[in-house]
Amino acid sequence: MQHPCMTCGACCTQYRVAFHWMESDEVTPGGVPHQLTETLDPHRLCMRGTHSKPVRCVALDAQIGVYSRCTIHPNRPSVCREVDASWEYGKASPQCDKARIAYGLDPLTAADWEGGDNNPIAA
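According to this note's numbering, the sequence shown holds residues 8 to 130 in order.
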């Protein structure tokens, strides 16, 4: 079974993705592609598509609940790196659960993960 995030992507349509401007590739080599951001305030940028409703990150390539991929995954903002799938590391993620529920997807459970080693259980 593939990682549950690869068939979800709901979190990328529920939250504003805001981060310090130093994460931009204009300042930090290998950073977040600046052309995919917009200015939030003097110190923060946000991913285009996440500042107003309906939220959908411009870097998301997905049909929620079917397939999902971040087109800038290696260069994604730190805030995206901090959102774990529920139970991936042995605890629930309220952000993940809320996003999945918004799409009628069941929250992930500990049973979706094999021995807590963040390898999904094969179907």
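From the three backbone atoms N, C-alpha and C, an ideal C-beta is built for every residue, glycine too.
These numbers come from a predicted model, not from an experiment.
Taking buried to mean at least 16 other C-beta atoms within 10 Å of its own C-beta, is Asp68 buried or exposed?
exposed
Based on the DSSP output, what are the partners of His27 in its beta bridges? Arg51
On the criterion of 16 or more Cβ atoms from any shown chain inside 10 Å, does Thr46 qualify as buried, or is it exposed? exposed
Q.
Using 8 Å for Cβ pairs, my map puts Phe26 next to Arg51. What's the rounded Cβ distance?
A. 6 Å
request  = Please go through the same chain and pick out, in chain order, the residues whose beta-carbon is closer than 8 Å to the beta-carbon of Ile128, but skip the five residues on each side of it.
outcome  = Bear in mind that the predicted position of Ile128 carries a pLDDT of just 44, short of 50, making it unreliable; the figure below should be weighed with that in mind. Closer than 8 Å at the Cβ level, and outside the excluded window around Ile128, lie Met8, Ala118, Asp119, Trp120, Glu121.
Item to complete: Can you grab the Cα-Cα spacing for the pair Trp28 / Pro114, in whole Å?
Response: 33 Å
Where in the region 42-119 do unbroken runs of the beta strand (DSSP E), each at least 3 residues long, occur, reported from the N-terminal end onward? 44-48, 51-54, 67-70, 74-77
**Message:** I need the straight-line Cα distance from Thr20 to Thr57, nearest angstrom please.
**Reply:** 7 Å
Query raised in the report: Is it buried or exposed for Asp48, if we count other Cβ within 10 angstroms and need 16 for buried?
Result: exposed
Own chain, CB closer than 6 Å to Ala106, minus 5 neighbours either side, in chain order
Ala17, Cys18, Gln21
Quiz item: Excluding sequence positions up to five away, which residues of its chain have a Cβ less than 7 Å from the Cβ of Gly37?
Solution: Asn82
Requested in this report: Keeping to the same chain, check which residues put their C-beta closer than 6 Å to that of Cys77; ignore five residues upstream and five downstream.
Outcome: Ala66, Arg83
Exercise. Going by CA-CA distance only, name the one from Thr116, Ile108, Arg63, Ile79 that's closest to Ser93.
Key: Thr116
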